[in-house]
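Here the structure is laid out as structure tokens; the discussion comes afterwards.
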Amino acid sequence: MGDYYRLVFDNQLGLLNSPTFTLQLKWGANGQQASLNNWQSNYVYQTTTDPDKDHTQFKYTPTNDVTINGQTMASGFTVNGQYIYTAQPIGVGNTQIGAGTSYSTNRTWNQKGDVRINTQWNNVQNASLSTKDLGDEFDIRTTITKDPTGQINFTFTSANDLEKAIEKSVAANDQQSLANEVVNDGQTYVKMNSKAGEKPKIKATVTMTVTTDAKNPNQETAVWHVKLTNLEPEKNQKIVLKGSVPVVTVSANNFTMPDGITSYDQDMAAAKTVATGTYNGAKTNNTALMKTLQTLPVALTQFVSYQNGQPKDYSGQFGAPWTAGIAYDGNNTVDGGGSAADLVTNTLSFKDIDSGQAVANDVSYQGATGSTIKFEGGQAVYDGLKGYHFVKAVSVHNGQETVLTNFDPDKLAAFSFGTAGKSQPHEFIIYVQKDQPVQQTASVTEVIYYKFGSKSGQDASPSFKKTVNYTKTGDGDWQADGNFTKVVSPIITGYTANYDHIDAPKPTDLKDGAQETDTYYVIYSANEQKAEIKYVDDTTGKTLNTDRATGSYNSLINFKNDPDQQIADYQKQHYILVSNDFNNSPKYQADNQKNSFTVHLKHDLQKVTKTTTKTRTINYFLANGQSAAHSVEQKVIFTGTAQHDLVTNHTGDYAWKVTTGDANFKAVTSPKIAGYHFSTVESSTPDRVDGQNVRAMVMTPSSDDVGVTVYYAKNQQANLNFVDDETGNLIHPSIAVNGETGKPSLATLRMLIRVSRFTLPMPMYC
């Protein structure tokens, strides 16, 4: 695989301004393909249809980035690519949480060895917020350890300032596009364009608490609870934040440069000698401050996401060492600087004119001869003097004080105290005097209006008003005759408020005689409700149709298909209206179950009747077709009733009953006819025939008519002669015998046999 090398820069590189490096790289043995990776920059782009993948990275290895003698080949370089969402405008911001530190540049050098010194040291810890990780409700928790010597000052960002910073950090919805497609590599581009879009409107609500650790009184933790409200959800699907917001500012004065440092290289070398786990930066001649920076614990920031108003996930703690920057300017001159060998240190003191005692720490200026003396850190010190008023400002030279003319303590940072020089005054004093106790008053009134629709809409509920009066004596704290508390917005059926509560006002910068009014508007918007109407066929139990509608609470319900017209259409189809609870122009109710309606319909049914007659006819015929006897006819009449459905055009089953006659046909005995005998019987119901007679049967409305025919045949006549076979003599007079053809006539013979005691060899047939 070959060898891998990583180019690593010293951690002091961050103190330089725009460093430039020239690298001479040599590859390994033949056949070994070298590769350079730049993990910080993006060189190519591809589109994505997934907004969540926007600005995520992929690795890209070109296949045609080197051309030699007309032949194209791959260099082996691997570079970063980035997915870009182009379907519609999108907010591009932070994709992860974190915290970093911005710091002051306390020394700036040029190539001639001149230096400009900033004796005011400060670090600001900034929090990077990502709604992808935190959502729209979260905590920022920053813990600091105060300097017990009082040299280093800590200032947490106020809730109000953090609200403004967060609202300012909202990412605009920019329209992105790609151009300059890579040759022979479709859908990959080398240029990404972004057209600035509109910045979404949001509301950041921040509440802040500061607590002191019970075991370590120097340790304080500030917790900012943040809730983000999307004021234009129809324009902006989600809130995206970019950049960072400051959470704590740390500062100190008198960060002077040590003696003996005359160049940038010496300054950087000295910085290495004071680096610790909590400090990384320039060395100061202020040994007490230097020792504090080397040992004071760094500020640590943690993030907590919320779900349903409760803490959900806790991040790790983010922090960075305290830092004082050393910069290098390639220009021949450094604005406001001079030779390091010709530095002059000047001091600004703050003293009580009556006691002569110092009332605050001194502020230093360090600069070359001829530079303008300004005490930039002095303004904060003066503004921090509570209970004092300004008397005069003087310069001190050889023990003599000279009053500074045109001095304005409120513009101290911009005031020029003269020109630095070894023969010029090095000491300056601002004299102050204690204030006499003065009674001050102020008031703050909180007014909350509850409106429908907009600020100018009708009152949704009576307005809320509360006034708290404040008094202050001398430089003491303001005292209140009451307190503000969180005001929960009234619940109004069918409406949703843009704020479920208004947090208690936190008056700041109260001034004597001030009558401050904090006005809030809680706007109620009608909830979107749903309505439904069903058309039910009570005859079948089925739902014929369902219409749905949506609308605002308390507005008229309008279905796309007018219910009255729907009912009329069903009536044309022979439906009968049973009930309709959608009437009197109903309005949307807060409970969607009350917005559900049912129209009951039933089929129009008509009664129909019909009759059917069922007969059984028995005919008697001779063989020649002549009637042998009168026919027998048995008859019954059934009457049926049923319901005819006009909707389906279907008639139901008939209910039958006998209206004439009897359905139970009785058995019929066939008559005997002299000289004739039964021949055959034909019937459509053979099972109802009993020899030459007809059996009883039951007729139903579905029975077929029955026909029976009885045929008679004429009897045959024969003469019997009785002859003695042995003698041939007649032994009895001849006898005439009647009977059916083919059937034996034995009765007379048996009688004769019994009388004459003769034996017949065979039966006698007609």
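Just add 8 to the spot in the sequence shown (first one is 1) and you have our numbering.
Where a beta carbon is used, it is the ideal one built from N, C-alpha and C, also for glycine.
- At a cut-off of 4 residues, the continuous stretches assigned as alpha helix (DSSP H) that sit fully inside the segment 247 to 295 are 272 to 282.
- In the structure shown, the three-state DSSP call for MET298 is helix.
- Assignment of ASP73 by DSSP, reduced to helix, strand and coil, places it in the coil class.
- By alpha-carbon distance to VAL440, the top candidate from PHE423, GLN408, LEU393 is LEU393.
- GLY289 sits buried, since 16 or more C-beta atoms from the chains shown fall within 10 Å of its C-beta.
- The Cβ atoms of GLN227 and THR153 lie closer than 8 Å to each other.
- Distance from the CA of PHE646 to the CA of ASN588, rounded to the nearest whole angstrom, comes to 42 Å.
- DSSP places GLU171 inside the alpha helix (DSSP H), whose first and last residues are 167 to 176.
- Listed as beta-bridge partners of GLN54 by DSSP are TYR91.
- Rounded to the nearest whole angstrom, the CA to CA distance from GLY89 to TYR68 is 6 Å.
- In the three-state reduction of the DSSP assignment, VAL234 falls in the strand class, which pools E and B.
- Within the same chain, and ignoring the five residues on either side of PHE162 in sequence, the residues whose Cβ sits closer than 7 Å to its Cβ are ILE152, LYS154, VAL256, VAL258.
- The three-state reading of DSSP puts ASP416 in coil, since its state is none of H, G, I, E or B.
- Put simply, of ASP144, TYR662, LEU137, GLN315 the residue whose alpha carbon is nearest the alpha carbon of LYS615 is TYR662.
- Collapsing the DSSP output to three states places PRO515 in coil.
- When only Cα atoms are considered, THR309 and THR150 end up about 4 Å apart.
- Taking ASN672 as the centre and dropping the five residues before and after it, the same chain places the C-beta of VAL706 closer than 6 Å to its C-beta, in chain order.
- Assignment of beta-bridge partners to TYR662 by DSSP yields no partner.
- Bounds of any beta strand (DSSP E) do not take in GLY392, whose DSSP letter is neither H nor E.
- PHE629 and ASP612 have their C-alpha atoms some 55 Å from each other.
- Around the CB of SER112, 16 or more other CB atoms lie within 10 Å, so the residue is classed as buried.
- In the DSSP secondary-structure assignment, GLY99 is bridged to ASN181.
- In this chain, the alpha helix (DSSP H) harbouring LEU142 covers 139 to 142.
- For ALA368, the three-state secondary structure derived from DSSP is coil.
- Counting the other Cβ atoms within 10 Å of the Cβ of TRP486 gives fewer than 16, which makes it exposed.
- Taking all protein chains shown into account, ASP733 has fewer than 16 neighbouring C-beta atoms within 10 Å of its C-beta and is therefore exposed.
- Just so you know, the alpha carbons of GLN104 and SER138 end up roughly 5 Å apart.
- In the DSSP assignment, the residues bridged to GLU536 are SER560.
- DSSP places LYS580 inside the alpha helix (DSSP H), whose first and last residues are 571 to 580.
- According to the DSSP secondary-structure assignment, VAL214 is paired through a beta bridge with VAL234.
- For THR625, the enclosing beta strand (DSSP E) has its first and last residue at 613 to 630.
- For THR217, same chain residues with a beta-carbon under 7 Å away, outside a window of 5 residues either side, are VAL231 in chain order.
- The C-beta distance from ILE456 to TYR532 rounds to 12 Å, too long to meet the 8 Å contact threshold.
- Segment contact: the segment 172 to 187 against the segment 267 to 278, fewer than three CB-CB distances shorter than 8 Å; contact not assigned.
- Between ILE361 and THR427, the gap from beta carbon to beta carbon reaches 8 Å or more.
- Taking C-alpha positions only, ALA296 is separated from TRP129 by approximately 14 Å.
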